[in-house]
Amino acid sequence: MQLVKWSYMRRYNIRAIFDQFPNSPVIFRKIRDYYFVYTVHWTAADAPIGIKELEEMEQLLNRELGTELQYLYRKMSYSS
């Protein structure tokens, strides 16, 4: 999966489009120092989006924005 494009929205949200789900924009919100999926505007033109895809989307966006380390540290401390 690849991040096709992203843009800032109001109230610190980010709207992103991914190549596997081009018709379903994903809205991210910032929490602490990283971004997480807030909502997906899913359309029937795309396949259903699973949890693994959502996690991959989070990692791709955080990598693009330079917050991947904070995101990964959150994942490590959450699983402990």
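Take the sequence shown: its position 72, counting from 1, is numbered 72 in full-length UniProt numbering, and each next residue is one higher.
No residue lacks a Cβ here, since even glycine has one placed at the ideal position from N, Cα and C.
Just so you know, these numbers come straight off a predicted model, no measurement behind them.
DSSP on residue 14, reduced to helix/strand/coil?
On the sequence shown, position 14 is the one that residue 14 refers to. The answer is strand: DSSP assigns residue 14 an E or B state.
Pull up the DSSP beta-bridge partners for residue 39, would you.
In the sequence shown, the residue the question calls residue 39 occupies position 39. DSSP lists 27 as partners of residue 39.
Given a cut-off of 8 Å on the beta-carbon distance, is the pair residue 61 and residue 3 in contact?
Start at 1 with the first residue of the sequence shown, and residue 61 comes out as number 61. Start at 1 with the first residue of the sequence shown, and residue 3 comes out as number 3. Yes, these two residues count as a Cβ contact at 8 Å.
Restricting to Cα atoms, I'd like to know which of 11, 9, 40, 23 is closest to residue 58.
On the sequence shown, residue 58 is found 58 positions in, with the first residue counted as 1. Nearest option by C-alpha distance: 40.
Hey, out of 35, 21, 29, 33, whose CA is closest to residue 42's CA?
The count along the sequence shown starts at 1 and reaches residue 42 at position 42. Nearest C-alpha to residue 42: 21.
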